[in-house]
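> My structure is below; once you've seen it, I'll send some questions.
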Amino acid sequence: MPQRRLANAHQSSVQTYESASKHFKTEPWFWFPSPAASWDGSDHLGRFVSPKDEFPWKIRASILSSVRAHQGALRSLAVCQDENTVFTAGIGPGFKGTVQKWDLTRINCVSGYYGHEEVVNDICILSLSGRIASCDGMIHVWDSQTGKLISVFSEPSTDSLHLVSPLSSSTKIGADHVDMLNSNTSSSGVLSSPFDESLYTCMHYLEEVEKLVVGTGNGSLRFLDVSQGRKLHLWKGEFSESAFPSLVSAICSCGSNKEQGNGASASPSWIAAGLSSGHCRLFDVRSGSVTACWRAHDGYVTKLAAPEDHLLVSSSLDRTLKIWDLRRNIPTAVTFKGHTDGVSSFSVWGQDVISISRNKIGLSSLANSADEDGQHRIIPQKLYSSDHGSRNVSVLSSISIIPFSRLFLVGTEDGYLRICC
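Its first residue numbered 8, the sequence shown is counted upward by one per residue in the working numbering.
Take a look at the structure:
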């Protein structure tokens with residue numbers, strides 16, 4: 008039984024971790040959820056409790072289970088709120104993009120979506136509607152239960168004009184963009200230049216207003232009403248950092264965790280866009296104007312997150328993770344260093360962050376003070392297999408924390424989905 012194998016593997020991970028931890032001088036990260044040693048399989052998947060009732064959990068950097076999810080790189084992960092279901096986007100046969108739906112309690116692929124002609128770079132769960140958005144330069148919206156395509160969104164280009172299309176004409180869309188993303192995408196999923204400015208690059212779902220914000224190859228943000236199947240307004244950056252446009256590589260927003268008096272979630276007050284140039288732009292949600300634009304990194308911005316209304320977390324190929332205080336006119340940063348390669352992604356829960364760089368994870372806390380040298384450091388660790396103690400050598404491409412299950416998931420460039428603790 009897969010559940011029993013996971014439980015047994017986890018028990019052996021305690022001994023594996025003890026030997027692995029000898030390689031590090033710094034005590035590993037302690038975190039909100041209950042001790043991982045108490046995890047005994049699927050009974051704890053999707054268990055919702057208050058973080059205040061939880062005990063610290065020592066991250067063991069241990070791989071509990073691993074499955075080959077895609078023939079090529081696994082580009083993106085999206086975990087459902089029940090923590091039992093995860094969607095993975097990766098490269099399939101013929102270098103076409105595929106999206107797989109996984110049941111984590113059985114570690115089994117239950118269905119998928121195979122309507123993409125190009126590599127899928129991002130996926131997004133559209134609230135509780137059962138709809139999924141996946142991006143391969145265009146946006147495909149489809150039913151996660153049936154795998155049926157609902158609508159496709161794209162931007163007009165100089166060569167062709169593509170409008171949002173219903174299912175009846177969706178199969179015709181994408182023919183003009185054959186191999187476009189393949190020729191402009193690295194194995195890690197980082198989009199490079201030159202890049203078609205009309206193509207979509209990344210997504211962020213505004214659950215409070217049920218709108219999808221999509222980045223473009225020319226640095227603009229397009230808003231989509233996925234429920235109505237129509238494109239809305241387009242926000243363009245007012246600041247030109249160079250003679251060449253920078254593509255939007257990451258998007259996030261604030262305010263999603265705040266509730267109004269009636270119990271509904273409050274709308275975000277700002278939206279942040281990270282660019283391939285290393286810049287970040289802050290947009291005012293009410294006006295769409297750029298309220299701040301600054302050089303955040305010396306390289307491609309790989310991810311953004313907003314743990315608080317006034318905080319912005321960013322990662323980059325310049326090997327750093329930064330925490331920005333947005334309450335100042337010019338955002339100021341606390342810089343975390345320690346990775347020896349570019350930071351390709353990270354996941355945040357509460358005050359704590361797990362970042363990934365090549366084949367290592369990095370542990371850091373937003374609440375930690377600087378060390379005696381005045382530096383904020385990331386503690387890099389390699390993942391170890393829980394059954395025979397071997398190190399993970401696969402390059403990590405994506406990560407997602409599943410907090411109430413006391414686990415985290417990683418995707419790799421050779422197509423594996425791995426459950427870790």
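For glycine and all other residues, C-beta sits at the position ideal for the given N, C-alpha and C.
Could you check which residue in ILE157, SER161 and CYS300 has the C-alpha nearest to that of SER136?
On the sequence shown, position 129 is the one that residue 136 refers to. Comparing Cα positions, the closest option is ILE157.
> Should ASN225 be labelled buried (16 or more other beta-carbon atoms within 10 Å of its own) or exposed?
Within the sequence shown, numbered from 1, the residue matching residue 225 stands at position 218. By the 10 Å Cβ count, ASN225 comes out buried.
> Along the chain, where does the beta strand (DSSP E) containing CYS116 start, and where does it finish?
Along the sequence shown, read from residue 1 onward, the residue named residue 116 stands at position 109. Unbroken beta strand (DSSP E) run through CYS116: 115–120.
> Among all the DSSP beta bridges, which residues are the ones paired with ASP316?
Locating residue 316 in the sequence shown gives position 309, counting from the first residue. None; ASP316 has no bridge partner.
> Can you list, in chain order, the residues of its chain with a C-beta nearer than 7 Å to that of SER205? Leave out the 5 residues immediately preceding and following it.
Indexing the sequence shown from 1 puts residue 205 at position 198. Closer than 7 Å at Cβ, skipping near neighbours: GLU162, PRO163, SER164 and GLY224.
> Measuring CB to CB, does CYS427 end up less than 7 Å from PHE415?
By 1-based counting over the sequence shown, the position of residue 427 is 420. By 1-based counting over the sequence shown, the position of residue 415 is 408. Yes, the Cβ-Cβ distance between CYS427 and PHE415 is below 7 Å.
> Are the beta-carbon atoms of SER323 and ILE406 separated by less than 7 Å?
Taking the first residue of the sequence shown as position 1, residue 323 is located at position 316. Taking the first residue of the sequence shown as position 1, residue 406 is located at position 399. Not in contact: SER323 and ILE406 (Cβ atoms no closer than 7 Å).
> For my contact list, ILE274 and HIS211 are in at a C-beta cut-off of 8 Å; report their separation, rounded to the angstrom.
Your numbering for residue 274 matches position 267 in the sequence shown. Your numbering for residue 211 matches position 204 in the sequence shown. The residue you asked about is not Ile; residue 274 is Ser in the sequence shown. Wrong, their Cβ atoms sit about 14 Å apart, outside the cutoff.
> For the beta strand (DSSP E) containing CYS261, list its first residue and its last residue.
Start at 1 with the first residue of the sequence shown, and residue 261 comes out as number 254. Where CYS261 is concerned, there is no enclosing beta strand (DSSP E), given that its DSSP letter is neither H nor E.
> Give the DSSP-derived three-state secondary structure of SER284 in the structure shown.
Here residue 284 refers to the residue found at position 277 of the sequence shown. Note: SER284 maps to coil in three-state DSSP.
> Cβ atoms of GLU90 and ILE409: under 7 Å apart, would you say?
Reading the sequence shown from its first residue, position 402 is the one you call residue 409. Reading the sequence shown from its first residue, position 83 is the one you call residue 90. A contact, by the Cβ cut-off of 7 Å.
> If distances are taken between C-alpha atoms only, which option among ARG293, GLY295, GLY122 and SER372 comes closest to ILE330?
In the sequence shown, residue 330 corresponds to position 323, counting from 1. For ILE330, the nearest C-alpha among the options comes from SER372.
> Please report the distance separating the alpha-carbon of THR105 from that of ARG335.
Numbered from 1 along the sequence shown, position 98 holds the residue referred to as residue 105. Numbered from 1 along the sequence shown, position 328 holds the residue referred to as residue 335. Answer to the nearest angstrom: the Cα atoms are 43 Å apart.
> How big is the Cα-Cα spacing for ASP110 and THR92?
Taking the sequence shown and counting its residues from 1, one reaches residue 110 at position 103. Taking the sequence shown and counting its residues from 1, one reaches residue 92 at position 85. If I take the Cα positions, the gap works out to 5 Å.
> Who are the Cβ neighbours of CYS209 in its own chain at under 8 Å, not counting the five residues just before and after it?
The residue given as residue 209 occupies position 202 in the sequence shown. So the qualifying residues of the chain are ASN128, ASP129, CYS142, VAL221, GLY222, VAL255, SER256, ALA257 and ILE258.
> Rounded to whole angstroms, what is the Cα-Cα separation between VAL117 and ILE98?
Walking along the sequence shown from the start, residue 117 turns up at place 110. Walking along the sequence shown from the start, residue 98 turns up at place 91. Approximately 18 Å between the Cα atoms of the pair.
> Considering Cα atoms alone, identify which of SER294, GLY357, ARG326 and LEU282 is closest to GLU315.
Here residue 315 corresponds to residue number 308 of the sequence shown, with the count starting at 1. The candidate whose alpha carbon is nearest that of GLU315 is GLY357.
> Write down the C-beta distance between PHE343 and LEU328 rounded to the nearest angstrom, noting that I regard them as a contact closer than 8 Å.
Walking along the sequence shown from the start, residue 343 turns up at place 336. Walking along the sequence shown from the start, residue 328 turns up at place 321. Rounded, the Cβ-Cβ distance is 4 Å, consistent with contact.
> Mind reading off the beta-carbon distance from HIS286 to CYS300? Whole number of angstroms is fine, and I expect it under 8 Å.
Here residue 286 refers to the residue found at position 279 of the sequence shown. Here residue 300 refers to the residue found at position 293 of the sequence shown. Yes, HIS286 and CYS300 are in contact; Cβ-Cβ is about 6 Å, under 8 Å.
> Have a look at SER151, ASP150 and ARG82 and flag the residue whose alpha-carbon is nearest the alpha-carbon of GLU429.
One cannot answer for residue 429 here, as it falls past the ends of the chain, which runs 8 to 428.
> CA-CA distance, HIS123 and ALA377?
Start at 1 with the first residue of the sequence shown, and residue 123 comes out as number 116. Start at 1 with the first residue of the sequence shown, and residue 377 comes out as number 370. Distance between the alpha carbons of HIS123 and ALA377: 46 Å.
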